[in-house]
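These notes concern the structure reproduced below.
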Amino acid sequence: MITIIIVPRISFTTGMSRLTIIVAATKNNGIGKNSQLPWRLPKEISYFARVTSNAPEGMHNAVIMGRNTYESIPPKFRPLSDRINIVISRNEKYDLCAIFLNVQSIFWGSTDNATAFLESGLRHSFERLLSLKDSIHRAFVIGGASLYSECLRLSPSSIVPFVDRILLTRVISPSFDECDVFMPDFLAETNGEGVPVWKRATL
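According to my numbering, the residues represented by the sequence shown are 18 to 220, in order.
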């Protein structure tokens, strides 16, 4: 198991940190099975908690996820502590704000088009984060697959890219061939000139 940092080949300068995708995937980009993680890796869980929680004093990080990802978290661990949880759902009655203080907002879309719904949810989430920029250190997209795909579709080719960093933990062994949910093969993505869009960061 190794973790690598991946960034756009062309860097962007903005007034606020953009979104970070954080994901664990097999060599074949498998990330899930039956709506659950196919593995239990204590070191990866610890890494995820540390990275998504660490923020300067007086600030917090945010985690953005789809409803299925939220519900896949064991009840005793949700919402994720010490982080602002943003859950994107189509159901406007799925209101966790009244139950949990650190579930900052629930965004939903009425469209039947999945891509339009996800893009709308992401844009509303990002607008909400911008309104909280004085208290938000970093925002992480933590799943599921559709949300990852939409973030990657919108970044970094967008004029204002959503994602400027991907924290990819590559699960080497076992192979977990039983995965039925996969990340897009974003490392193979190229621009119009055939140049890879993403590159491994130099540490």
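Where is the CB? At the ideal position from N, CA and C, for every residue including glycine.
query	result
What does the Cβ neighbour count give for serine 142, buried or exposed, with the cut at 16 atoms within 10 Å?	buried
Compare the Cα-Cα distances from aspartate 99 to each of Phe203, Met76, Met82 and report the closest residue.	Met76
I'd like the ranges of any alpha helix (DSSP H) spanning at least 4 consecutive residues and lying wholly in the segment 39 to 111.	59 to 70, 84 to 89
With DSSP run on the structure shown, which of helix, strand or coil describes alanine 218?	coil
Is it buried or exposed, isoleucine 39, if we count other Cβ atoms within 10 angstroms and call 16 or more buried?	buried
Looking at the unbroken beta strand (DSSP E) that takes in arginine 182, where does it start and where does it end?	180 to 188
When we look at the beta-carbon of phenylalanine 203 and count the other beta-carbons within 10 Å, is it buried (16 or more) or exposed?	buried
Is the distance from the Cβ of glutamate 195 to the Cβ of lysine 50 below 8 Å?	yes
Compute the distance between the beta-carbons of serine 52 and asparagine 85, then report whether it is under 8 Å.	yes
Serine 106 to arginine 95, Cα distance in whole Å?	16 Å
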